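Position 112 of the sequence shown, counted from 1, bears residue number 144 in my numbering, the numbering being contiguous throughout.
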Amino acid sequence: MGKLSETVGNSGEQIAESYLKKNSFKFTCRNYHSCYGEIDMIFSDEHFIVFVEVKLRKVGCIANALEYVSRSKQKKIIKTAYEYIAKNNIKIQPRFDVIEIVNCNKEFKINHIKNAFG
Numbered sequence: 033m034g035k036l037s038e039t040v041g042n043s044g045e046q047i048a049e050s051y052l053k054k055n056s057f058k059f060t061c062r063n064y065h066s067c068y069g070e071i072d073m074i075f076s077d078e079h080f081i082v083f084v085e086v087k088l089r090k091v092g093c094i095a096n097a098l099e100y101v102s103r104s105k106q107k108k109i110i111k112t113a114y115e116y117i118a119k120n121n122i123k124i125q126p127r128f129d130v131i132e133i134v135n136c137n138k139e140f141k142i143n144h145i146k147n148a149f150g
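Structure follows, in structure tokens:
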């Protein structure tokens, strides 16, 4: 990933992290890597371990965030998540969410898509 896209991605993840914390999710980790792929963020609530994919969009994009999480990407996230669950002896149900952040002239609109795939 190039330096600019990495910086933009990090700012999207920071916005998503703040949003989730304000909505009573407990932060676990960011940018979890395995041999299968990467998960942007991992959170939990009282019922789920939540694996989060963050998509930062500009106003006027005709596609929504889910269209940018391909079936191949979903499979990688799921495999990575199950490795994380096994490695950390997680006992609660997994859920896969997508957080779309739309940049409207430096004001951000957040669309939290719960149970987006899996």
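Idealized CB from N, CA, C, for every residue including glycine. If you're wondering where the values come from, they're calculated on a predicted model, not measured in any experiment.
{"Item": "What did DSSP end up calling ILE122 once you bin it into helix, strand or coil?", "Value": "coil"}
{"Item": "Within 10 Å of its beta-carbon, does VAL91 have 16 or more other beta-carbons around it, so buried, or fewer, so exposed?", "Value": "exposed"}
{"Item": "Mind checking ARG103: buried by the 16 CB within 10 Å criterion, or exposed?", "Value": "exposed"}
{"Item": "On a CA-only basis, which of GLU45, GLU49, VAL82 is nearest GLY150? Give me that one, please.", "Value": "VAL82"}
{"Item": "Using a Cβ-Cβ cutoff of less than 8 Å, which residues in the same chain neighbour CYS61 once the five nearest sequence positions on both sides are dropped?", "Value": "MET73, ILE74"}
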